[in-house]
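Here the structure is laid out as structure tokens; the discussion comes afterwards.
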Amino acid sequence: MRVVFAAILLVLGLSACGAEAEQQAAAPPKPAMSADERAIRDTLERYVAVTRANDPHGVCAVTAREVIDQIEALGSTCESFVAEPTRKGGPHYSITTTSVVITGDRAMTRGKAVESDGPRSGDQPLVRENGRWLLTTKAG
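Residues 549 to 688 (the numbering used here) make up the sequence shown, in order.
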């Protein structure tokens with residue numbers, strides 16, 4: 549049970565490496581983004597916005613049902629579970645996504661998040677639920 553709790557906190561704490569990386573002037577033009585990649589990046593950008601606003605309800609709105617079910621199985625609510633990690637993200641929370649890989653209804657992003665306590669690199673899995681891309685803890 550503690551391992552599940554720690555894994556959920558770790559993923560939601562690293563969560564979302566989502567805003568687009570800045571292009572360097574010498575970089576070749578990138579191919580057009582797919583609708584799914586744009587939707588994934590939009591989810592990650594919403595996550596950044598709600599983290600900056602210290603909005604646990606907003607974090608839960610971009611969290612997959614499979615994660616919420618795990619949290620509830622631990623005897624908590626999503627909002628109370630993510631309240632402290634959301635607060636720690638801070639008002640200057642930012643993310644940069646370096647890659648997005650989509651496989652069916654699952655995706656994995658790689659990037660860097662900068663929280664109030666410093667930068668972190670990591671991967672963030674997402675799942676498509678009812679046509680929406682949401683944060684999850686389960687890779688592909």
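Cβ atoms here follow ideal geometry from the backbone N, Cα and C, with glycine treated the same way.
Close Cβ partners of D584 (< 6 Å) along its chain, the five nearest in sequence each way excluded: I650
Any 3 or more C-beta pairs closer than 8 Å across the segment 619-628 and the segment 655-662: no
Is it true that the segment 607-615 meets the segment 667-683, where meeting means three or more beta-carbon pairs spaced less than 8 Å apart? yes
By the 10 Å Cβ neighbour count, where 16 or more other Cβ atoms means buried, how is L622 classified, buried or exposed? exposed
Taking the C-alpha atoms as reference points, what is the distance between D617 and E632? 19 Å
Quick one: what does DSSP say L682 is sitting in, helix, strand or coil? strand
Per-residue burial, G606 [other beta carbons within 10 Å of its own, 16 or more giving buried]: buried
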